[in-house]
Amino acid sequence: MRHNRLLAAWLTAGLALLAGCSAASPEGASGGATLTYLTFETPSLTASFWDTSIANASKKVSGVTIKKLVAPSTDRDAYAKQLQASGQFPDLLQSITPSTFAQAGLLKPYDQAWVDANFLLPLGNAYKGKVYIPPTNSQIIPMVFYNKTLFARAGITAPPKTWAEFLTVCDKLKKAGVTPIELGGGEPFAASMPLSGILSADVLGKNPQWLQDRYAGKVKFADANVQTAVAKYRTLVKNGYFETGALGVKYADSITNFTAGKAAMYMMGSWFLGSVPKDHADDFGSFMTPTDDGSLVVPFAVGGSMAISAKTAAPDKATEFAQAWSLDPGNYKALIEGDGAFPMLKGKTLADYNVTVTQVFKDSYAYVGEQNNKVSSFGWATNDDSMPSGLNDAYYAASQALFGSDDVAGQMAKLDAAWNAATK
Amino acid sequence: MTLTETRPRAGAPTTSAPDRRRRAWAARGHLTAAGLLTLAFVSPIYLTVVNAFKTQDQIIRSPSAPPVPPTTQNLTDALGRSDKIIQIGLANSAVTVLVSVLLIIPLGAAFSFWLTRRPARFRRIVLAVFAAGLMIPPAVVLLPTIRILTFLHLDHTYPGLILANVGGGYLSFAVFVYSGFLRSIPHEIVEAAEVDGAGRLRTWWTIVMPLLRPATATVAIFLSLWIWNDFMNPQFILGPLRGQTITTGLYLSLGQYTTNYAQLFGVMFLAAILPVAGYLALQKQFVAGLSTGATK
Amino acid sequence: MRRGDPALGAVAALALGLYALFIVVPLGMSAWKSLTDENPLLAQANFVGLANYRDMVHDDALTSSLTFTLLLAGAVTLVANAAGIGFALLLNRTSLSFRAMRTVAFLPQVLSGVIVGFVWRYILAQDGILNEVLVRTGIVDRPITWLGSPLLASFSVGLVAAWVLTGFTTVVHVAALQSIPVELHQAAIVDGAGPWQRFRRITLPMLAPGTTISVTISLITMLKLYDIIVALTSGGPANATQSTALYIVKLAFTDDRFGYASGVAMLLLVVSAVVALSVTGLLRRREVDL
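Residue numbers (the working numbering), protein chains in the order written: chain F, 197 to 620; chain L, 4 to 299; chain P, -10 to 279.
The following block contains the structure:
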């Protein structure tokens, strides 16, 4: 029976190894709390930005260790859901869309008094009256950025105000041998930017309640006014105002293409301001997606830092860390300069942040302070105007599909079907 | 196709001189054609290797050129990342593979041996059920597997991942290979041992396992490779909380925005080197394993 | 009494139990969940009968992902096996250089799908090396967006999958070729058979069992395909390359529709089983005819 024992030893060794690896990865470090923090990386929000900001905020909170998780794409909502569905919801989640998670009771709201005391628009991204993400900064999504040199070369003297002027501008550029609009269509969200601009301007500009009405079933994507707006995007594609291969262009490459002067315009969120080359920043300007009558519509989104899980084992420490991060001047400086963030701290001017910014940043930031027609940015709002779970994906897919297909009605019907399935 | 004209090993008994010359030319042409085609076929791998040793500038200027002068900066950079993705990933993958395979081999072999003495009908049914395990797309059982592991309090742990590996489709593969080999072992050998009074378990261990060595090699090699390269299970069953395996770590760290090709190829080279080296060292066994599968 | 050796029986029971726990039970759970509207965000599930299956009929995304998966599986299996047979015939020589070639031909199989996807994403990029070669040699005048249009991206996924699988099909067919006795060919030559006749009458029938295995495994691999697509296209553009495996994962993990995802999983299971079994059955019968 010696051999039996040998086998038993083998199996036991295996099982011991199995147990051993669980021992090798213990639950949290001893003393203090270990919190998981979901982040995401973009060309301007790099790994080192996150590491530095985490280190700085950690210093202000005793007994906290932060374990950084990085979403595999900018779509941190999708990744947060994947983690939730597989039972690993992080303690802190950077810049997610709270609605879906808040509905399920997964997020802990911030103390309203703290929010009111610190931020300019305390309810700017509130969902059902509660603030899940400190409204640290705002964005305009998208703006139309343009290259002044290329405009001048095509004989264009002023940025367009109406849609008709916009088409004329595109036409002149094309005739001058310049690609009118850069599109990083390889990335679903980047592919949707022109459509988001047009829908925000035409649909939300006329009816700011449109998304609420869509929830109530009063309006549809298949409605004539939406289809007319989408048809404008098709016009841009069909007239050849984007590169033919635009769906194959990576997001990071679209930024370098535009800044290197390979295209005259770029529709992107205001975070692009962080990528404007410092040495020839004056070449760049910005305007809003033009409307038919030339009225100004600003697709506005109050963003912010991190949401806190309602299930976290250390809610106090998590809140402390999140608040420290959200008020850290170093983060504001980095976010303003690198990510073009519009800061929303109460009682501060740009000068208070000790930043060096370009003229186009200042001009763009001016829209935030002015009285103008601000609407929710289509597909980017994180407040009550956010779209239901999974709809952003469907919307991005529709944007990519509409680059190659004329079937506006069909794509809008798909979006309606997806909306209905998601809100059933 | 010219392939058929140059059929191997089918030489006619006698040939004239011009015939021989023609044949020599054909052989040379054949070698050239095969060589060129093979080169084209492995060119993606060639790219990975050469670009791992070039600077970003060199890669952009001439992506297919050999690395002259070569740099090891990419590899140093990859190993020096603050997230230690290579070191941690390799260690985690190694432990996962090792423990999974060490458990699957005795389980699969003993089970297959036990099965040889069951009634034929029972055996057929069991093997059919196990065949299903090879065919089921992992996406189909992924969700419930996570639920079961959660129930066992093993969710998002290495023991959980290993257990799911041991119980899942990989076990099917082991059972199939072992059952196939066992069919070729004469009953008499086993029976002789049993007449000697050895228990079944002992017979299995002392008589059968040594006979099954080629099968064990096949099982160990292929399972190691598959578990090493597995992506979906570590992505969902293990998740990001306990550190990555090399595959998921690679995926997460080389996400969407890497236009830093030097870093990309450096990391990929380090991630691929182990399985490739393993394959090159054990290629005889690899081919033997595939051959028995193909000709049985 | 030996038959019932408890120690061996215990190990066997352990194996059976584990297999049941991680294959049989999950299948049953999937089948059950497919009859519910379970949502991981809300900790409750209602029995909805066959509603999920009824919804599938009107689900365009499902139809297109299933069509993509099946077409991809069929096309790649065909191409990879034809290429594998051709490659095997070409490399089936004994000299050292041919042995070296056979060794490297299997390499794509050794790499993980994630690495394969990333390498090819680099090769197929707009400014990638393939376009550079094509433009420089004058085959095309402007770069092709290999991953940028729904149709071309589907083709590219097929190309990459076929590349990986060809490594496997080649080695399997080389092994099958080497098991053909030389005497068969010699006898045929004596009988005056030409090269084509020998290929048709000897090589092809002798290859058949290897082809059956190779085709079956290719099909199963393609029906499961996940990692290569995730790394290469993430299912885009416009969901054109979203295989059913990707769709299930998206439904379950980002759309919060566990119930429906389980239904689609059951459908994929049935489709895989039907396709794999019928093709294998067909090939087995053809083996006899050849």
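C-beta: ideal position from N, C-alpha, C; glycine also. Note that the structure is predicted; figures quoted are calculated from it, not measured.
Check your understanding: In chain order, what residues of the same chain lie with their CB nearer than 6 Å to the CB of F:Asp581, ignoring the 5 residues before and after it?
Key -> On the first sequence, position 385 is the one that residue 581 of chain F refers to. Non-local beta-carbon contacts of F:Asp581 in its own chain, meaning distances under 6 Å to residues more than five positions away in sequence, involve Leu407 and Ser572 in chain order.
Practice item. Specify whether the region 441 to 454 of chain F and the region 320 to 332 of chain F touch according to this definition: at least 3 beta carbon pairs, one from each stretch, less than 8 Å apart. Key: Touching, no, given that fewer than three Cβ pairs across the two stretches are closer than 8 Å.
**Study point:** Residues bridged to F:Tyr462 [DSSP beta-bridge criterion]
**Key:** Position 266 of the first sequence, counted from the first residue, corresponds to residue 462 of chain F. Partner(s): F:Phe341 and F:Glu378.
Point to revise | Cα-Cα separation, F:Val422 to F:Gln596 | key: Within the first sequence, numbered from 1, the residue matching residue 422 of chain F stands at position 226. Within the first sequence, numbered from 1, the residue matching residue 596 of chain F stands at position 400. One Cα belongs to F:Val422, the other to F:Gln596, and the distance between them is close to 17 Å.
Practice item. Answer yes or no: does any C-beta atom of chain F fall closer than 8 Å to that of L:Ser85? Key: Indexing the second sequence from 1 puts residue 85 of chain L at position 82. Yes, contact with chain F.
Check your understanding: Checking contacts by CB at 8 Å: is F:Pro294 closer than that to chain L?
Key -> Locating residue 294 of chain F in the first sequence gives position 98, counting from the first residue. For F:Pro294, the answer is no, since every Cβ of chain L falls outside 8 Å of its Cβ.
Check your understanding: Any Cβ of chain P within less than 8 Å of the Cβ of F:Gln280?
Key -> One-based indexing of the first sequence puts residue 280 of chain F at position 84. Yes, its Cβ sits closer than 8 Å to a Cβ of chain P.
Point to revise | beta strand (DSSP E) segments (min. 3 residues) lying fully within the region 450 to 505 of chain F | key: If we require 3 residues or more, the beta strand (DSSP E) runs fully inside the region 450 to 505 of chain F come out as 459 to 464, 480 to 483, 494 to 498 and 502 to 505.
Check your understanding: Given that a residue counts as buried once 16 or more other Cβ atoms are within 10 Å of its Cβ, and exposed if not, what is F:Asp602?
Key -> Looking up residue 602 of chain F in the first sequence gives position 406. When all chains shown are included, F:Asp602 counts as exposed.
Check your understanding: Can you find a CB in chain L that lies within less than 8 Å of the CB of P:Trp135?
Key -> On the third sequence, position 146 is the one that residue 135 of chain P refers to. The Cβ of P:Trp135 sits no closer than 8 Å to any Cβ of chain L.
Exercise for review: Give the interface partners of P:Phe95 over in chain F, defined as CB-CB distance under 9 Å, in chain order.
Suggested key: Reading the third sequence from its first residue, position 106 is the one you call residue 95 of chain P. By Cβ distance, chain F contributes nothing, its closest Cβ being about 30 Å from P:Phe95, past 9 Å.
Check your understanding: Considering only residues of the region 561 to 601 of chain F, which uninterrupted beta strand (DSSP E) runs meet the minimum length of 3 residues and lie entirely inside it, listed in chain order?
Key -> Complete beta strand (DSSP E) runs here, min 3: 570 to 572.
**Study point:** Beta-carbon proximity of P:Leu7 to L:Val45, cut-off 8 Å
**Key:** Position 18 of the third sequence, counting from 1, holds the residue named residue 7 of chain P. Position 42 of the second sequence, counting from 1, holds the residue named residue 45 of chain L. Between P:Leu7 and L:Val45, the gap from beta carbon to beta carbon reaches 8 Å or more.
Practice item. Closer than 8 Å, Cβ to Cβ, to anything on chain P: give me those residues from the region 413 to 447 of chain F, in chain order. Key: Hits within the stretch, in order: Thr440, Gly441, Ala442, Leu443, Gly444, Val445 and Lys446.
Check your understanding: Considering only residues of the same chain and omitting the five flanking positions on each side of L:Asn54, which have a CB-CB separation below 6 Å?
Key -> Walking along the second sequence from the start, residue 54 of chain L turns up at place 51. Closer than 6 Å at the Cβ level, and outside the excluded window around L:Asn54, lie Ile62 and Phe268.
Review point. Terminal residues of the continuous alpha helix (DSSP H) containing F:Tyr229?
Key: In the first sequence, counting from the first residue as 1, residue 229 of chain F sits at position 33. Residue 229 of chain F is actually Ala in this sequence, not Tyr. Run containing F:Ala229: none in the alpha helix (DSSP H); it sits in the beta strand (DSSP E), Ala229 to Thr235.
Check your understanding: Taking C-alpha atoms, which residue in L:Thr148, L:Gln266, L:Leu110 and L:Ser96 lies nearest to L:Gln59?
Key -> Against the second sequence, residue 59 of chain L aligns to sequence position 56. Answer by Cα proximity: L:Gln266.
**Study point:** Among L:Ala280, L:Gly292 and L:Ser294, the one whose alpha carbon lies nearest that of P:Val93
**Key:** Position 104 of the third sequence, counting from 1, holds the residue named residue 93 of chain P. Ranking the options by Cα distance to P:Val93, first place goes to L:Ala280.
Exercise for review: Provide the residue span of the alpha helix (DSSP H) that contains P:Ile118, from first to last.
Suggested key: As a working note, residue 118 of chain P is residue 129 in the third sequence. Run containing P:Ile118: Ile118 to Arg125, per the alpha helix (DSSP H) assignment.
Check your understanding: What did DSSP end up calling F:Asn151 once you bin it into helix, strand or coil?
Key -> The displayed coordinates of chain F run from 197 to 620. Any statement about residue 151 of chain F would go beyond what the structure contains.
Review point. When you compare only the Cα positions, how much space is there between P:Glu276 and P:Thr205?
Key: As a first step, residue 276 of chain P is located in the third sequence; it is residue number 287 there, counting from the start. As a first step, residue 205 of chain P is located in the third sequence; it is residue number 216 there, counting from the start. Their backbone Cα atoms lie some 14 Å apart in a straight line.
**Study point:** Residue environment, F:Asn321, which counts as buried when at least 16 other CB atoms sit within 10 Å
**Key:** By one-based count along the first sequence, residue 321 of chain F stands at place 125. Buried, because 16 or more other Cβ atoms sit within 10 Å of the Cβ of F:Asn321.
Check your understanding: Nearest-angstrom Cα distance between P:Phe212 and L:Phe234?
Key -> Reading the third sequence from its first residue, position 223 is the one you call residue 212 of chain P. Reading the second sequence from its first residue, position 231 is the one you call residue 234 of chain L. First, the amino acid is wrong: residue 212 of chain P is Leu here, not Phe. Going from the Cα of P:Leu212 to the Cα of L:Phe234 covers about 16 Å.
Exercise for review: Output, in chain order, the set of chain L residues within a Cβ distance shorter than 8 Å of P:Val220.
Suggested key: Position 231 of the third sequence, counted from the start, is the residue given in the question as residue 220 of chain P. The amino acid occupying residue 220 of chain P in the given sequence is Ala; Val does not appear at that position. Simply Tyr254.
Check your understanding: Of the residues P:Thr210, P:Leu79, P:Val238 and P:Phe87, which one's Cα is nearest the Cα of P:Val65?
Key -> Position 76 of the third sequence, counted from the first residue, corresponds to residue 65 of chain P. Among P:Thr210, P:Leu79, P:Val238 and P:Phe87, the Cα nearest to that of P:Val65 is on P:Thr210.
Check your understanding: Just reading off the alpha helix (DSSP H) that F:Ile622 is part of, what are its end residues?
Key -> Outside the shown range of chain F, which is 197 to 620, sits residue 622 of chain F, and nothing can be said about it.
Practice item. Could you tell me whether any Cβ in chain L is nearer than 8 Å to the Cβ of F:Pro268? Key: Here residue 268 of chain F is taken as the residue at index 72 of the first sequence, counted from 1. So, interface residue.
**Study point:** Nearest-angstrom Cα separation, counted from F:Arg410 out to F:Ala617
**Key:** Stepping through the first sequence from its first residue, residue 617 of chain F is reached at position 421. Stepping through the first sequence from its first residue, residue 410 of chain F is reached at position 214. F:Ala617 and F:Arg410: Cα-Cα distance of roughly 13 Å.
Review point. Any C-beta of chain F sitting closer than 8 Å to the C-beta of L:Phe116?
Key: The count along the second sequence starts at 1 and reaches residue 116 of chain L at position 113. Cβ-Cβ to chain F under 8 Å: no for L:Phe116.
Exercise for review: With distances taken Cα to Cα, identify the nearest neighbour of P:Ala9 among L:Val100, L:Pro147, L:Val52 and L:Ala97.
Suggested key: Along the third sequence, one-based indexing puts residue 9 of chain P at 20. For the set L:Val100, L:Pro147, L:Val52 and L:Ala97, the Cα lying nearest the Cα of P:Ala9 is the one of L:Pro147.
**Study point:** Under 9 Å (Cβ pairs) to chain P, residues found in the region 131 to 149 of chain L
**Key:** When CB distances to chain P are screened at a threshold of 9 Å, the residues of the region 131 to 149 of chain L falling below it are Val132, Phe133, Ala135, Gly136, Leu137, Met138, Ile139, Pro140, Pro141, Ala142, Val143, Val144, Leu145, Leu146, Pro147 and Thr148, in chain order.
Check your understanding: Residues of chain F with a CB under 8 Å from the CB of P:Ser53: which are they?
Key -> Counting from 1 along the third sequence, the entry for residue 53 of chain P is found at position 64. The premise fails here: P:Ser53 is roughly 10 Å from chain F at the closest Cβ pair, so nothing lies under 8 Å.
Check your understanding: In or out: L:Ala300 buried (at least 16 other Cβ within 10 Å) or exposed?
Key -> The structure shown does not extend to residue 300 of chain L, since chain L is modelled only from 4 to 299, so the question has no answer here.
Check your understanding: What distance in whole Å lies between the Cβ atoms of P:Val161 and P:Ile202, which are believed to be in contact at a cut-off of 8 Å?
Key -> Reading the third sequence from its first residue, position 213 is the one you call residue 202 of chain P. Reading the third sequence from its first residue, position 172 is the one you call residue 161 of chain P. The Cβ separation is near 6 Å, so the contact holds.
Practice item. Would you mind telling me which residues of chain P sit closer than 8 Å to L:Phe234, beta carbon to beta carbon, in chain order? Key: Looking up residue 234 of chain L in the second sequence gives position 231. Correct list: Ser101, Gly102, Val103, Tyr215, Asp216 and Val219.
**Study point:** CA-to-CA distance, F:Tyr561 to F:Ile337, given in whole angstroms
**Key:** If you number the first sequence from 1, residue 337 of chain F lands on position 141. If you number the first sequence from 1, residue 561 of chain F lands on position 365. Their Cα atoms are separated by approximately 12 Å.
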